[in-house]
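So in the numbering used here the end of the sequence shown lands on 379, straight run, no missing numbers. Following: one structure in structure tokens, then a few remarks.
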Amino acid sequence: MKRIFLTGSNGFLGSHIARKLVDEGHHVVGLVRKNGASLPPLIPKSHLIEYCEGDIRDPESYVLALRKCTIVIHCAALTAYGVKRTQDYYDINVEGTKSLLEKSVDCGIERFIHTSSRAVFGVAENPELSDEGCGYESIEKEDDYTKSKYLAELEVKKISKKKPMHCIIMAPTALVGAGDSKPSHTGKIVLGLLKGKVQCFMDGGINLIAVEEAASAFTHALDRGEQGKTYLIGNENITLREMFLYIAEAAGVPAPRIRVPYAIAFAGSAVMLLGTKIFGLPPFATPHKVYSLYNNRTYCNPKKGAETFSLQQEPIKYALARAVSWYKDNYYI
């Protein structure tokens, strides 16, 4: 049995990781924000899981709990689109990670598993061949979320070169499946279709992985993965049209038939982002995200991660169907 400090334990991915760890007999200490969102029902009540109220930006709020563990799985991050204060991306994703790394070294943590993102990689000439070796020509062209995750990853690699703590980096693509209670960006698309709010689609594509499968990669990472290496954790490259068809089929609703030109989708997202800055309303997508989806910039070749962590890579339509069923069963519609 291992004792694991898990940040973001009440998030979509974190809650699935917590459940798998408990099922495997490990003791989980989950970091949750004080007065934050309630714990998702996905996590079972067990003597093997306990919670520490704290903030990733305040090391003193969690250091006592951290000292009792030997492994850290760091999932906490700011991922929301169009936040009013862009500095929050850097305070949470970069400085929060840096502080956790330093405290982990001080507390004698043996292994640090960091959650990065597909966003930190560049794109090959054929997007479906993009892998861990693809870098950016200029990270400055990317949005603040991408830049913050890129900088956070650099902090992990910096520590891995200097300290004895074993560090590995997991970079999931878009997650989908049951238990998306917040919901995530992908979950909002699923819900939008279920509620009849999504009536159109645009060209482009996305790489999706079942959240359950991504979580299993993290549990395998407890004793796999090379020091300082990054692993893409993804599955299937599909077009947005295919994704919408799978969701519609699972839900028994009509699939969107109207194809929106890229220019209109881009302009619409810019208007939504402006609304966020003025009224504080979260945008459905940002111009950067529309650009990325249209140009298949989230496509990738996740073979290295799949082989290292023994991923089954089931057809993604089943994970989309589980997401549909979960939202229906939990009265989101």
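Ideal Cβ positions, reconstructed from N, Cα and C, are used throughout, including at glycine. As the structure is a prediction and not an experimental result, all values here were calculated from the model.
Following the DSSP letters along the chain, one finds His212 inside the beta strand (DSSP E) bounded by residues 212-218. The beta carbon of Leu239 sits closer than 7 Å to those of Phe290, Ile293, Ala294, Ala297, Val299, all from its chain and outside the five residues before and after it, given in chain order. Contact between the segment 130-141 and the segment 172-184 is absent: fewer than three C-beta pairs spanning the two stretches fall below 8 Å. Contact check for Met248 and Leu286: beta-carbon distance about 6 Å, within the 8 Å limit, so the pair qualifies. In the DSSP assignment, Leu94 falls outside any beta strand (DSSP E), carrying neither H nor E. Taking Val169 as the centre and dropping the five residues before and after it, the same chain places the C-beta of Ser176, Arg343 closer than 6 Å to its C-beta, in chain order. Positions of the alpha helix (DSSP H) runs, each at least 4 residues long and wholly inside the segment 203-280, are given as 231-240, 257-266 in order along the chain. For Arg49, no alpha helix (DSSP H) run applies; the uninterrupted beta strand (DSSP E) run containing it begins and ends at 49-53, by DSSP. DSSP places Phe330 in the coil class of the three-state scheme, outside both helix and strand.
For Leu77, the enclosing beta strand (DSSP E) has its first and last residue at 73-78.
With distances taken between CA atoms, Gly314 lies nearest to Tyr337 out of Arg303, Cys346, Tyr337, Lys234. Residue state for Phe167 is assigned as coil, using DSSP reduced to three classes. DSSP places Glu141 in no alpha helix (DSSP H); its state is neither H nor E. Within the DSSP bridge table, the entry for Asp104 names Asp101 as partners. If you ignore the 5 residues before and after Leu319, its C-beta comes within less than 6 Å of the C-beta of Gly128, Pro329, Thr332, all in its own chain and listed in chain order. If you draw a straight line from the Cα of Ser145 to the Cα of Ala365, it is about 35 Å long. Thr232 sits away from Val244, with the two beta carbons spaced by 8 Å or more.
Bridge pairing for Val118: Phe51, Phe158 [DSSP].
Comparing alpha carbon positions, the residue from Ser194, Leu339, Glu272 closest to Cys213 is Glu272. If you draw a straight line from the Cα of Val306 to the Cα of Gly250, it is about 11 Å long. Here Cys153 is not near Arg103, since their CB atoms are 8 Å or more apart.
Judged by DSSP in its simplified three-state form, Thr285 adopts strand. Looking at the DSSP output, Ile362 sits in no beta bridge, so it has no partner there.
When secondary structure is reduced to three states using DSSP, Ile304 falls in the strand class. Counting along the chain, the unbroken alpha helix (DSSP H) around Asp69 starts and ends at 58-69. A straight-line Cα-Cα distance of about 43 Å links Glu186 and Met47.
One thing to note: Phe355 has its Cβ no nearer than 8 Å to the Cβ of Ile119.
The Cβ atoms of Ile155 and Ala256 lie no closer than 8 Å to each other. If you draw a straight line from the Cα of Asn376 to the Cα of Lys208, it comes to about 47 Å. Taking C-beta atoms under 8 Å as the contact rule, Ile252 and Ile284 qualify, at a distance of about 7 Å.
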